[in-house]
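First up is the structure itself, then whatever we jot down about it.
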Amino acid sequence: MTHNLENPIIIRKKMYYDEYEKIYGDGFYPQLKPFSNICSCKSVIVSFRLIKYNLNCDLAWVQMDGSVIYGFDGNNGIELLNSLNAESKVKAIRILNSGGRPIYPVIPYLSTYRAIVQSMKY
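Numbering (the working numbering), first residue to last: 2 to 123.
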């Protein structure tokens, strides 16, 4: 399905994250379902906007607000992408964080992990 982006599609999702990991651990890695048995599980509303991503005019979802999402654990990235696409009836192919970095699917040469590994070599 094609979509006229002059009338933007914005979807708000209730997501869950481990507050301890966000503050003291690896960062902000939200998911659609609450964590089980984690007392530091918090919920947050995150907004995503549909955009044209590149010269090929591929569609992508970009995070609009909240803490910058570092990435997704396990299948949480594909689950969010499928949920956003189903709700909007479009076929976007990736998710970007509010800084514009692709967070799903992960592009290895743009990943935060690669940046850390590269900086540790010096």
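Note that CB positions come from ideal geometry on N, CA and C, so glycine has one too.
Note that the structure is predicted; figures quoted are calculated from it, not measured.
Asked	Found
Helix, strand or coil at residue 15 [DSSP, three-state]	strand
Cβ neighbours of residue 7 in the same chain (closer than 8 Å, five flanking residues each side left out)	none
Reduced DSSP secondary structure (H/G/I, E/B, other) of residue 21	helix
Contained beta strand (DSSP E) runs [length at least 3] in the region 55 to 80, N- to C-terminal order	60 to 64
Check whether residue 1 and residue 31 have beta carbons under 7 Å apart	This structure gives no information on residue 1, because the portion of the chain shown stretches from 2 to 123.
Within-7 Å CB hit, residue 96 to chain B	Of the protein chains in this structure there is only one, and it is not chain B.
Boundaries of the beta strand (DSSP E) in which residue 95 is found, first to last residue	95 to 97
Residue interval of the beta strand (DSSP E) (run including residue 47)	42 to 53
Exposure of residue 127, with buried meaning 16 or more beta-carbon neighbours within 10 Å	No answer is possible for residue 127: it lies beyond the span of the chain, which begins at 2 and ends at 123.
Span of the beta strand (DSSP E), counted from its first residue to its last, around residue 1	Missing from the structure shown is residue 1; the chain here goes from 2 to 123 and no further.
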